[in-house]
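In what follows, a single structure is set out as structure tokens and then discussed.
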């Protein structure tokens with residue numbers, strides 16, 4: 001069966017996939033402050049907050065209860081130095097998959113396609129119970145649909161880690177937060193609360209918040225898993241955009257022009273931002289150049305590989321020309337309304353995405369509520385462009 005099965009076998013549904021959880025109204029009266037926003041509150045009284053003693057003897061107070069279940073997974077910036085990442089072997093598990101997804105879909109109770117070009121919700125499946133055959137098919141589904149959401153996952157943290165490790169060597173971030181407990185060093189931590197709001201929302205234009213993770217690495221990540229631990233009662237969503245669609249909707253002359261160019265991605269500024277915030281960084285920021293158009297090794301489809309948060313310049317052309325091209329491409333991606341989806345989170349939800357063919361951003365509209373996630377991602381291949389690869393829409397139109 002052709003790989004178009006997942007696109008044709010099920011009707012498209014609306015984006016009303018899941019209502020946000022009801023707000024946690026404890027009938028307490030608070031004066032309007034940073035702990036109350038748009039009528040919602042996740043305030044924890046000061047004497048009930050978790051307080052952690054840091055290595056330097058200082059105390060950090062988190063806006064979570066003293067008995068917070070995921071205290072070991074709260075953010076940490078240890079003052080240690082990691083070696084630069086060595087090259088690792090990567091083999092895409094999707095190459096082994098049945099393109100009909102018959103094994104993966106066997107236990108699914110409901111399938112929702114969130115958009116024409118990307119985003120699928122699989123109901124009734126527990127990731128902790130997937131066989132290796134099903135995991136391989138999931139890798140292919142991620143490669144085709146970009147983003148796959150699994151609601152209400154009952155997996156343990158150990159099981160979540162095991163799932164990520166199946167797909168390859170995990171990426172360990174050199175600047176961003178890792179868990180307080182070194183046992184969970186394979187995870188990347190995303191955490192904000194009323195005292196720890198990301199600088200991004202204040203200092204970075206929204207269009208520059210769009211990114212593909214760690215595109216500055218020589219081997220950026222591939223299969224990525226993002227787990228919700230604590231979510232706000234409203235906001236804090238994640239928006240994804242299709243790299244396949246971003247490429248396909250360019251003019252033919254521009255496609256040909258871009259296919260001869262590379263793009264320098266930088267992690268230097270991110271590391272410096274952490275240092276300015278008073279955090280230690282474990283590796284220095286680096287730069288790497290990758291093709292602007294890359295080929296996915298499983299689908300063979302071309303994708304636009306541009307990461308506004310980390311992309312800096314096109315080395316083959318004058319800087320003024322580079323800036324103009326990148327400004328256009330950033331705007332092009334940000335306005336892909338027909339090829340973007342928003343994931344509205346619920347606790348214990350897990351999103352799996354293929355970091356090579358989608359870009360994303362958080363909505364940053366949940367302040368001052370607490371938002372806590374962990375991520376594990378496999379280091380993928382070095383980005384490449386196969387001149388014989390094709391655009392997705394041409395391949396799919398031929399199979400109809």
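Numbering (the UniProt record's numbering), first residue to last: 1 to 400. Using N, Cα and C, we set each Cβ at its ideal position, and we do this for glycine too.
- Item | residue 394, DSSP secondary structure in three states | helix
- Whole angstroms is fine: what's the gap from residue 128's alpha carbon to residue 272's? 38 Å
- Please name the residue, chosen from 145, 90, 338 and 131, that lies closest to residue 113 on a Cα-to-Cα basis. Comparing alpha-carbon positions, the option among 145, 90, 338 and 131 lying closest to residue 113 turns out to be 145.
- Message: Suppose the cutoff is 6 Å on Cβ atoms and the five residues either side in sequence are ignored; what does the same chain contact list for residue 348 look like?
- Response: 152 and 153
- Message: Please report the distance separating the alpha-carbon of residue 189 from that of residue 227.
- Response: 10 Å
- Run through DSSP, which three-state label would residue 112 get? strand
- Query: Secondary structure at residue 253, three-state DSSP: helix, strand or coil?
  - Reply: helix
- Item | Presumed contact (8 Å Cβ cut-off) between residue 147 and residue 240, rounded CB distance | With 8 Å as the limit, residue 147 and residue 240 qualify as a contact, their Cβ atoms being about 5 Å apart.
- Looking at C-alpha atoms only, which residue of 161, 367 and 136 is the closest neighbour of residue 73? 161
- Message: At the level of alpha carbons, what is the spacing between residue 394 and residue 215?
- Response: 27 Å
- Are there 16 or more other CB atoms within 10 angstroms of the CB of residue 248, so buried, or fewer, so exposed? Answer is buried; the Cβ neighbour count reaches 16.
- Message: Excluding the 5 residues flanking residue 377 on each side, which residues of the same chain have their C-beta closer than 6 Å to its C-beta?
- Response: 171, 221 and 224
- Task: Quick one: using the 10 Å Cβ neighbour count with 16 as the cut-off for buried, is residue 362 buried or exposed?
- Result: buried
- Task: Tell me whether residue 315 is buried or exposed, calling it buried when 16 or more other Cβ atoms sit within 10 Å of its Cβ.
- Result: If you draw a 10 Å sphere on the C-beta of residue 315, you find fewer than 16 other C-beta atoms in it, and that means exposed.
- residue 137 and residue 104 closer than 7 Å at C-beta: Yes, these two residues count as a Cβ contact at 7 Å.
- Query: From residue 331 to residue 251, what distance separates their C-alpha atoms?
  - Reply: 15 Å
- Message: Under 8 Å: do the segment 327-345 and the segment 231-240 share three or more Cβ pairs, one atom per stretch?
- Response: yes
- Check whether residue 372 and residue 230 have beta carbons under 7 Å apart: yes
- Task: Work out the CA separation of residue 265 and residue 155 for me, nearest whole Å.
- Result: 35 Å
- Query: What alpha helix (DSSP H) runs, 4 residues minimum, are completely inside the segment 106-160?
  - Reply: 132-145, all fully within the segment 106-160.
- What residue from 307, 364, 235 and 255 has the CA that sits closest to residue 346's CA? The option with the nearest alpha carbon to residue 346 is 235.
- Taking residue 163 as the reference, give the member of 194, 134 and 176 with the closest Cα. 134
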